[in-house]
Amino acid sequence: MARTGSSRSAFPPDWWARGAWIVLLAYLLYACAQLELTPARFAAGLEHGAKFLARLFPPDFKRWELLVKGMVESLQMAIVASALGTLLSLPLALLAARNLMPVWASWPARAVMVVCRSFHPVIVAILFVKAVGFGALAGILALTVASVGFLGKLMTEAIEEISLKQVEAVRATGAPFASVVSYAVVPQVFSRFVGFVSYETDANLRNSTMVGIVGAGGIGGTLFAAFQRFDYDFVCAIVLTIIALIMAGEVLTVQVKKVFKA
Amino acid sequence: MSDALEREWRRFTPAERIGRFVVYFCVVAAIVASLRSVEVIPEFLYDAPEQIGDMLGRMWPVAWRHYPEGVHGPLMDSLHIATLGTVLAVLMAVPVAFLAARNVTPYAWLNYAAKLILVAARSVNTLIWALFFVAVLGPGALAGTLAIAFHSIGFTGKLLGEALEESNRGTIEALEASGAPWLSIALKGYWPQLRPAFWAIVLFRWDINVRESAVLGLVGAGGVGMALDTALNLFQWDRAAMILVAILAVVVAAEVATTQLRKRII
Chain A
294 MARTGSSRSA
304 FPPDWWARGA
314 WIVLLAYLLY
324 ACAQLELTPA
334 RFAAGLEHGA
344 KFLARLFPPD
354 FKRWELLVKG
364 MVESLQMAIV
374 ASALGTLLSL
384 PLALLAARNL
394 MPVWASWPAR
404 AVMVVCRSFH
414 PVIVAILFVK
424 AVGFGALAGI
434 LALTVASVGF
444 LGKLMTEAIE
454 EISLKQVEAV
464 RATGAPFASV
474 VSYAVVPQVF
484 SRFVGFVSYE
494 TDANLRNSTM
504 VGIVGAGGIG
514 GTLFAAFQRF
524 DYDFVCAIVL
534 TIIALIMAGE
544 VLTVQVKKVF
554 KA
Chain B
18 MSDALEREWR
28 RFTPAERIGR
38 FVVYFCVVAA
48 IVASLRSVEV
58 IPEFLYDAPE
68 QIGDMLGRMW
78 PVAWRHYPEG
88 VHGPLMDSLH
98 IATLGTVLAV
108 LMAVPVAFLA
118 ARNVTPYAWL
128 NYAAKLILVA
138 ARSVNTLIWA
148 LFFVAVLGPG
158 ALAGTLAIAF
168 HSIGFTGKLL
178 GEALEESNRG
188 TIEALEASGA
198 PWLSIALKGY
208 WPQLRPAFWA
218 IVLFRWDINV
228 RESAVLGLVG
238 AGGVGMALDT
248 ALNLFQWDRA
258 AMILVAILAV
268 VVAAEVATTQ
278 LRKRII
């Protein structure tokens, strides 16, 4: 027994953990080799980086009309997609909640959410661009799909965590299902839902600036075009505006959550 | 007696009701304004079922045989990018998280500086980071890895900082009293308390990064997205379908793996 008597260590070595760390390290070296990541490439990049940074500044706001048009479209897409996503995920989450619904209802609803969540909004946007053409509509639909995936999952979990005592009490009065939902379920989850929806609106705002890269409307298209034309000072102006918008959105959601104590 | 019975009971104070009303009003106004002004061409929508049918027709049969030569390699690259990016992000995020935690670093200006770094990293989307790194380092996996890493600093750093702030003072004070150097305090005081949160955050972020690494290729930053981009540009929808199925399989597998690991570790 190594751990008894004077040889007892306060921190005995955990060989499993050490083994796991070594395996992780070996994997990292292997992955670096696979991706051909070498310090030489990185060093060459740093040189380019200095030139690139010099070309980014000062930001060029001369084409502000193009910038404002793209940003407004991104904002509209985010708002419409969040509203649509919320409308769709409310019934879906209710269907998926295992404490209120039978198994045959909850599994299909869960499957829909998993599929919606699996693809990055930009990939979904590619498919919608093919289906409904270039423009804001494809972006709205892509962001709606993403919203259903995440909101649905969060809302389902929230509904599954409610106390069933109130549900039972309302049911005992002989109330129909709609009353059970509106008087026993909604009051317990409402403030959390507000939190989820504001979080998702934030996420949609971020992604609405990106889906334009594949032609689905918003500022992303302008940004990608500016990058391809090496128009780096305009790129800088666009990115700064996006950051400002996202930060403003974050401040706003914090305020909304305060109102609803979510 | 009758006074008490006739009294109208309300759940919220007047201030709360006004606040809620303002929020509802603004939300409805924003939705209406957006719906009225967003440029949607309805003709495209009538055409949509036909176009979707056409797309599915071109996607079927899925080019399964394309997998070994054209998809497997890039798909593995994407996974490597996601993992390396996550590891790099954690390496960079840990010191920033220590600086951001008020109980570890008692200098307010350092806390704010660290939080500014975290917010800035988070506000720039992974794809924008990827565009930047492609411009600097040229197309390829290096740009993608760095893009994932820089964006993830914000998320991991913020959550790690919050976890650090919640850590119990007891063991740390005991170590300080024994005159332990700061490295020992970090390893034996903070790390054991931080470990469950740390692994939860890392696994969660890795799961997100697996999804994100699939799209990096669309802007030239390596991985399976580049194969997807090529297939789409050449209108090879059957190959694109193969790639989408492969991405779906990997994403679902990653989600299952992280849930299982989380159960084991935490």
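Residue numbers (the numbering used here), protein chains in the order written: chain A, 294 to 555; chain B, 18 to 283. The beta carbon of each residue, even a glycine, is placed where N, CA and C say it ideally should be.
Check the Cβ-Cβ distances between residue 95(B) and every residue of chain A, and say whether any is below 8 Å. The sequence position of residue 95(B) within the second sequence is 78, counting from 1. Residue 95(B) does not count as touching chain A.
- So what's residue 146(B) in DSSP terms, helix, strand or just coil? Position 129 of the second sequence, counted from the first residue, corresponds to residue 146(B). For residue 146(B), the secondary structure class from DSSP, reduced to helix, strand or coil, is helix.
Beta-carbon neighbours of residue 98(B), restricted to chain A and to distances below 8 Å = Counted from its first residue, the second sequence places residue 98(B) at position 81. The contacting residues are 328.
Neighbouring residues, chain B, relative to residue 459(A) (Cβ below 8 Å) = Numbered from 1 along the first sequence, position 166 holds the residue referred to as residue 459(A). Here the premise fails: no neighbours, minimum Cβ distance about 15 Å.
Apart from the five residues on each side of it in sequence, which residues of its chain come closer than 8 Å, Cβ to Cβ, to residue 546(A)?
Mapped onto the first sequence, residue 546(A) falls at position 253. So the list reads 491, 492, 494 and 495, once near-sequence residues are dropped.
In chain B, which residues lie less than 8 Å from residue 506(A) when you measure between Cβ atoms? Counting from 1 along the first sequence, the entry for residue 506(A) is found at position 213. 144, 235 and 236, listed in chain order.
Query raised in the report: If we ignore side chains and look at the alpha-carbon of each, how far apart do residue 33(B) and residue 40(B) end up?
Result: The residue labelled residue 33(B) in the question sits at position 16 within the second sequence. The residue labelled residue 40(B) in the question sits at position 23 within the second sequence. In this model, residue 33(B) and residue 40(B) are separated by some 11 Å (Cα to Cα).
Q | Span of the alpha helix (DSSP H) around residue 522(A) | A | Here the question's residue 522(A) lines up with position 229 in the first sequence. From DSSP, residue 522(A) is part of no alpha helix (DSSP H); its letter is neither H nor E.
By the three-class DSSP mapping on this structure, what secondary structure does residue 195(B) have? On the second sequence, position 178 is the one that residue 195(B) refers to. Reduced to three states, the DSSP call for residue 195(B) is coil.
Quiz item: Does any heavy atom of the ligand NAP sit closer than 7 Å to the C-beta of residue 356(A)?
Solution: You won't find the ligand NAP in this model; it holds no ligand whatsoever.
Q) For residue 423(A), does the count of other Cβ atoms within 10 angstroms reach 16, so buried, or fall short, so exposed? A) In the first sequence, counting from the first residue as 1, residue 423(A) sits at position 130. Looking at its Cβ environment, which holds 16 or more other Cβ atoms inside 10 Å, residue 423(A) is buried.
CB contact below 8 Å: residue 391(A) versus chain B
Residue mapping note: residue 391(A) aligns to position 98 of the first sequence, counting from 1. Chain B contact via Cβ: absent.
Cβ shell of residue 294(A) (< 7 Å), same chain only, five flanking positions each side left out = Reading the first sequence from its first residue, position 1 is the one you call residue 294(A). Because residue 294(A) carries a pLDDT of 45, less than 50, the predicted location of this residue cannot be relied on, and no value is offered for it.
message = Below 8 Å on the Cβ atoms is my contact criterion, and I expect residue 231(B) with residue 433(A) to pass it. Report the Cβ-Cβ distance as a whole number of Å.
response = For the purposes of this step, residue 231(B) is taken as residue 214 along the second sequence, with counting starting at 1. For the purposes of this step, residue 433(A) is taken as residue 140 along the first sequence, with counting starting at 1. Going by Cβ atoms, the distance from residue 231(B) to residue 433(A) rounds to 22 Å, so no, they are not a contact pair.
Can you pull the chain B neighbours of residue 416(A), defined as C-beta to C-beta under 8 Å? Your numbering for residue 416(A) matches position 123 in the first sequence. The contacting residues are 231, 232, 245, 261 and 264.
Report the three-state DSSP secondary structure of residue 303(A) (helix, strand or coil).
Here residue 303(A) is taken as the residue at index 10 of the first sequence, counted from 1. The answer is coil: DSSP assigns residue 303(A) none of H, G, I, E or B.
query = Residues in the segment 188-210 of chain B with C-beta within 8 Å of chain A's C-beta atoms, listed in sequence order?
reply = Close to chain A, meaning a Cβ-Cβ distance shorter than 8 Å, are the following residues of the segment 188-210 of chain B: 205.
- Task: Could you pull out every unbroken alpha helix (DSSP H) segment of at least 4 residues lying fully inside the segment 83-133 of chain B, listed in chain order?
- Result: Counting whole runs of 4 or more residues, the segment 83-133 of chain B contains the alpha helix (DSSP H) stretches 89-117.
Quiz item: Counting only beta-carbon atoms, is residue 251(B) nearer than 8 Å to chain A?
Solution: On the second sequence, residue 251(B) is found 234 positions in, with the first residue counted as 1. Using a Cβ-Cβ cut-off of 8 Å, residue 251(B) does not count as an interface residue toward chain A, since no Cβ of chain A sits closer than that to its own.
Check: Which residues mark the beginning and the end of the alpha helix (DSSP H) in which residue 280(B) is found?
Finding: To locate residue 280(B), count along the second sequence from 1; it is residue 263. Residue 280(B): member of the alpha helix (DSSP H) spanning 254-282, first to last residue.
| query | Are residue 135(B) and residue 170(B) touching if we call contact CB-CB under 8 Å? | reply | As a working mapping, residue 135(B) is identified with position 118 in the second sequence. As a working mapping, residue 170(B) is identified with position 153 in the second sequence. Contact flag set, yes.
Could you give the DSSP three-state label for residue 215(B): helix, strand or coil?
Here the question's residue 215(B) lines up with position 198 in the second sequence. Three-state result, residue 215(B): helix.
ask   = How is residue 493(A) classed by DSSP in three states: helix, strand or coil?
value = The residue given as residue 493(A) occupies position 200 in the first sequence. Residue state, collapsed to three classes: helix.
| said: DSSP three-state label for residue 351(A), please. | reply: Locating residue 351(A) in the first sequence gives position 58, counting from the first residue. Residue 351(A) falls in the coil class under three-state DSSP.
- Query: Is there at least one Cβ from chain A nearer than 8 Å to residue 56(B)'s Cβ?
  - Reply: In the second sequence, the residue the question calls residue 56(B) occupies position 39. Contacts with chain A at 8 Å (Cβ-Cβ) include residue 56(B).
List the residues of chain B whose Cβ lies closer than 7 Å to the Cβ of residue 423(A), in chain order. For this step, residue 423(A) is matched to residue 130 along the first sequence. Residues of chain B passing the Cβ test: 68 and 72.
Distance, Cα to Cα, residue 142(B) vs residue 536(A)?
-> Along the second sequence, read from residue 1 onward, the residue named residue 142(B) stands at position 125. Along the first sequence, read from residue 1 onward, the residue named residue 536(A) stands at position 243. Approximately 9 Å, taken between the alpha carbons.
- N- and C-terminal bounds of the alpha helix (DSSP H) containing residue 376(A): For the purposes of this step, residue 376(A) is taken as the residue at position 83 of the first sequence. Run containing residue 376(A): 357-389, per the alpha helix (DSSP H) assignment.
- How many angstroms separate the CA atom of residue 362(A) from the CA atom of residue 512(A)? Mapped onto the first sequence, residue 362(A) falls at position 69. Mapped onto the first sequence, residue 512(A) falls at position 219. Their Cα atoms are separated by approximately 8 Å.
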